[in-house]
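To start, the structure under review is shown below, and the notes come after it.
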Amino acid sequence: MTTTRRMKIEAMLKDDPQDVFLRYSLALEMESGDDWEAGLEILEQLARETPPYVPAFHMAGQHLVKHGRIDDARRALREGIEAARAAGNSHAAAEMSELLMSLGEAGEG
Numbered sequence: 010m011t012t013t014r015r016m017k018i019e020a021m022l023k024d025d026p027q028d029v030f031l032r033y034s035l036a037l038e039m040e041s042g043d044d045w046e047a048g049l050e051i052l053e054q055l056a057r058e059t060p061p062y063v064p065a066f067h068m069a070g071q072h073l074v075k076h077g078r079i080d081d082a083r084r085a086l087r088e089g090i091e092a093a094r095a096a097g098n099s100h101a102a103a104e105m106s107e108l109l110m111s112l113g114e115a116g117e118g
């Protein structure tokens, strides 16, 4: 049996289930493996933690756009911009602002 990257991440998470970067990595692996909704849940959990994991907002926004949930993407990005600014992360805030602006007036059907 071939050990996948996702399996390796899940094994490491057993040793340290609260590791933020491992959880984020697992969410990204889930997206690439067509388990995007479970991955999105992880990203949303990371975004709700104290302190929030700022990259989770941006990635959640990207995933939501990819799957046609534009209004939800806008919400995630707006919340992420606020979290990034509160954390003093102007670079992340700018990247999310750029993605948000690129959505323009597009909406869900």
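Take the sequence shown: its position 78, counted from the start at 1, is 87 in this note's numbering, and no numbers get skipped. The beta carbon of each residue, even a glycine, is placed where N, CA and C say it ideally should be. Predicted model only: the values in this text are computed from it and were never measured.
Quiz item: Roughly how far, in whole angstroms, is the beta-carbon of GLU46 from the beta-carbon of PHE66, given that I think they are within contact range, below 8 Å?
Solution: Not confirmed; about 17 Å, so no contact.
Exercise. Under 8 Å Cβ to Cβ from ARG15, same chain only, skipping five residues before and after it: list those, please.
Key: LEU35, GLU38, MET39 and GLY42
Quiz item: Under a three-way DSSP split, which group does ARG78 fall into?
Solution: coil
Quiz item: How many angstroms separate the CA atom of THR12 from the CA atom of MET21?
Solution: Cα atoms of THR12 and MET21: separation of roughly 13 Å, rounded to the nearest angstrom.
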